[in-house]
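I have placed the structure first, in the form of structure tokens, so that the comments after it can refer back to it.
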Amino acid sequence: MKKYYQKEIETASREEIIKMQSEKLIKQVRHVYDNVPYYRKLMEERGVCPEDIRSLEDISRLPFLCKDDLREAYPYGLLGTDLKKCVRIQSTSGTTGKRVVAFYTQKDVDLWEECCARAIVAAGGSDEDVCHVAYGYGLFTGGAGLHGGAHKVGCLTLPMSSGNTDRQIQFMMDMGSTILCCTPSYAAYLGEAMAEQNIRPEENKLKAGIFGAEPWTEEMRRSIEKSLGIKAYDIYGLTETSGPGVAFECEEQSGMHINEDHFYAEIIDPETGEVLPEGSKGELVLTSLDKEAFPLLRYRTRDICILSRKKCSCGRTHVKMTKPMGRSDDMLIIRGVNVFPSQIETVLLKMGYLPNYQIEIDRKNNTDTFDVYVEMSSAQMSDKISDIQKKEKDIETSMRAMLGISPKIHLVPIKSIARSEGKAVRVVDRRKLNE
Amino acid sequence: MNREVKEMTITQISVYMENKPGKLAEIVSELSKAGINIRAMSLADTSDFGLVRLIVSDLNKARDILQGMTLVFCNKVLAVEMDDKSGALSVILNALNEGDVNVEYMYAFVGKQPYSAYAVMQVDDMEKAEKILENRKIRMLCEEDLINFTVSD
Chain X
758 MKKYYQKEIE
768 TASREEIIKM
778 QSEKLIKQVR
788 HVYDNVPYYR
798 KLMEERGVCP
808 EDIRSLEDIS
818 RLPFLCKDDL
828 REAYPYGLLG
838 TDLKKCVRIQ
848 STSGTTGKRV
858 VAFYTQKDVD
868 LWEECCARAI
878 VAAGGSDEDV
888 CHVAYGYGLF
898 TGGAGLHGGA
908 HKVGCLTLPM
918 SSGNTDRQIQ
928 FMMDMGSTIL
938 CCTPSYAAYL
948 GEAMAEQNIR
958 PEENKLKAGI
968 FGAEPWTEEM
978 RRSIEKSLGI
988 KAYDIYGLTE
998 TSGPGVAFEC
1008 EEQSGMHINE
1018 DHFYAEIIDP
1028 ETGEVLPEGS
1038 KGELVLTSLD
1048 KEAFPLLRYR
1058 TRDICILSRK
1068 KCSCGRTHVK
1078 MTKPMGRSDD
1088 MLIIRGVNVF
1098 PSQIETVLLK
1108 MGYLPNYQIE
1118 IDRKNNTDTF
1128 DVYVEMSSAQ
1138 MSDKISDIQK
1148 KEKDIETSMR
1158 AMLGISPKIH
1168 LVPIKSIARS
1178 EGKAVRVVDR
1188 RKLNE
Chain Y
18 MNREVKEMTI
28 TQISVYMENK
38 PGKLAEIVSE
48 LSKAGINIRA
58 MSLADTSDFG
68 LVRLIVSDLN
78 KARDILQGMT
88 LVFCNKVLAV
98 EMDDKSGALS
108 VILNALNEGD
118 VNVEYMYAFV
128 GKQPYSAYAV
138 MQVDDMEKAE
148 KILENRKIRM
158 LCEEDLINFT
168 VSD
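For the protein sequence lines, the chains are X and Y, in the order given. Be aware that the first sequence starts at 758, since it is given in our numbering, and climbs by one per residue. Be aware that the second sequence starts at 18, since it is given in our numbering, and climbs by one per residue.
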């Protein structure tokens, strides 16, 4: 069985990778400058021309692109080729504003699918496998990306799309699916549904899962792995840069290798835009080095993570990113400390609480107050106030270890936190109201 | 006799309550709508929340109602009968103290029977406490006593 989809690229030396990236970057900047008036204008405003970009270090001279630019340039403003050369569009759901529409030439599609193929092979996939793709098909990149990747690897591909759980389980059992691709929450749901049908984990043929497109925690990973009897791998990507496959996990399950031959990754301070040294936590900025139709330079993903070039036991040399620890747009700064709701969720799940909580921040006497309301279940209820207070203290201690500052924890009955459209309202920041 | 030895405890319902106006009234009113009589009650509070501990005439019915409203917790507690006179409680507490039993919380109420009073208590060692009180011939209420409580006089 092959360990890598493209061994030479995936295990290239650092020098080779840097050389490859420099050459591609110089070419790509020229391509964008010549073909994308929107970005050329941004460059001109900064006084940068393509000749200024002679190596990777020069990238910091280029302007950033952010989601607002994509909205402003919608639909064709960032197109890098003739529409005639484009063969496909994919799009985001557009739930947070105007949707992002990304264009692909045939070469773009091929490279994207190659990235996904690398992820499938890293999860142990080969042409012997039955790849069950339960990401949504359609405009969403999840289904299309993994579907294409599975084809490239030569898996028997099941284009299940999402939903219809009974049918998913039936195909999974009848066709002997070995690799499951879907969102982590749907994987967890499938695990529960199978348990309800009295199908034990060892009865299915699944060995691996490739899960992404939404945040999930290590605790969720362990519980999915147990309920389905598989090894669960993370995959990262966004429509703006092609879709899933920007980065993927290997057998080490300790961060995702970014496909550096196609993407150049930087970490910046989300406040100042300053590029941070390796190992710093900050916002991930991606430059697509090969894309023809939708060639974004220095795109701010708003995902907060850390990059590491530590040697990986899998033999891959491409830089690893941690699972996004949150989004720069939902980061809270409390008493000067960066706090992400996802960190709070991690602590709660680890301690056996439901991830139903509400963060309340206010400013009193020039100091931020930081309160977290956590729903508790009947199993955690007691007849003694001291028991409940001890539980609160225990959570405070764990939060302090995770965040560096300690919130005041309030345990409240289940279902008492306000919900909007079924989702709990996570953050109430009263400081903003006083401004 | 044998039966009395086995059932010397009663079940208490503890109810979690937000420390906000009207919450207690809400709970009590739901119980009254269902015709449930509250035999004894205590309210412990912090700045955030309160715990209402209840001894009621119909445990199962009360539990069903309260569970639909908030978090509830049921556990066994001792309800000790004593004379309604000075020093009676002291005898009981001294006995427990000598036996090295710690009282975690307690609330008391006066009975309908003339000259009797009751203390509901939670202790750190239930079995030991029962034995100590039994040896001293101190009567403890069982679930059945609770149901018939109002009719006896």
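Cβ atoms here follow ideal geometry from the backbone N, Cα and C, with glycine treated the same way.
- If you draw a straight line from the Cα of X:T838 to the Cα of X:R811, it comes to about 24 Å.
- No Cβ-Cβ contact shorter than 7 Å links X:G986 with X:G994.
- An exposed status is given to X:I1090, since fewer than 16 other beta-carbon atoms sit within 10 Å of its beta-carbon.
- The beta carbon of Y:L83 lies closer than 6 Å to those of V32 and V89 in the same chain, with the five residues before and after it left out.
- Per DSSP, X:E765 is one residue of the alpha helix (DSSP H) stretching across K764 to E767.
- When CB distances to chain Y are screened at a threshold of 9 Å, the residues of the segment 1130-1147 of chain X falling below it are M1133, S1134, S1135, Q1137, M1138, S1139, D1140, K1141, I1142, S1143, I1145 and Q1146, in chain order.
- Contact between the segment 895-913 of chain X and the segment 1036-1050 of chain X is not established, with fewer than three Cβ pairs separated by less than 8 Å.
- Here X:S779 carries a helix assignment [DSSP, helix/strand/coil].
- With a threshold of 16 other beta carbon atoms within 10 Å, X:Y1021 meets it and is buried.
- Counting only unbroken stretches of 3 or more residues, the beta strand (DSSP E) elements lying wholly within the segment 820-865 of chain X are 843-848 and 858-862, in sequence order.
- Here the segment 872-887 of chain X makes no contact with the segment 821-830 of chain X; the two share fewer than three CB pairs at distances below 8 Å.
- In the three-state scheme derived from DSSP, where H, G and I count as helix and E and B as strand, Y:R156 is classed as coil.
- Y:G52 is classed as exposed because its beta carbon has fewer than 16 other beta carbons within 10 Å across all chains shown.
- For Y:R56, the secondary structure class from DSSP, reduced to helix, strand or coil, is strand.
- X:G948 and X:S984 do touch by the CB rule: their CB atoms are close to 3 Å apart, below 8 Å.
- Listed in chain order, the non-local C-beta contacts of X:M1088 below 8 Å within the same chain comprise P1027, I1061, N1095, V1096 and F1097, local neighbours out to five positions each way being set aside.
- X:E767 and X:K1141 have their C-alpha atoms some 58 Å from each other.
- Interface criterion met: the Cβ of Y:T87 is under 7 Å from a Cβ in chain X.
- Across the structure, X:A769 and X:F968 are spaced so that their CA atoms are roughly 26 Å apart.
- In terms of beta-carbon proximity, X:P1164 stays away from the interface with chain Y, with every pair separated by 7 Å or more.
- When secondary structure is reduced to three states using DSSP, X:G906 falls in the helix class.
- Nearest to X:N1123 by alpha-carbon distance, out of X:R1188, X:Q954 and X:C1071, is X:R1188.
- In chain X, no part has a C-beta under 9 Å from the C-beta of Y:T28; the shortest such distance is about 11 Å.
- Of all residues in the segment 57-68 of chain Y, only A61, D62, T63, D65, F66, G67 and L68 place a beta-carbon less than 9 Å from a beta-carbon of chain X.
- For X:V805, there is no enclosing alpha helix (DSSP H), since its DSSP letter is neither H nor E.
- DSSP places X:Y943 in the uninterrupted alpha helix (DSSP H) bounded by P941 to E953.
- Here the alpha carbons of X:Q1115 and X:A1050 stand approximately 42 Å from one another.
- When DSSP states are grouped into helix, strand and coil, X:D1087 belongs to the helix group.
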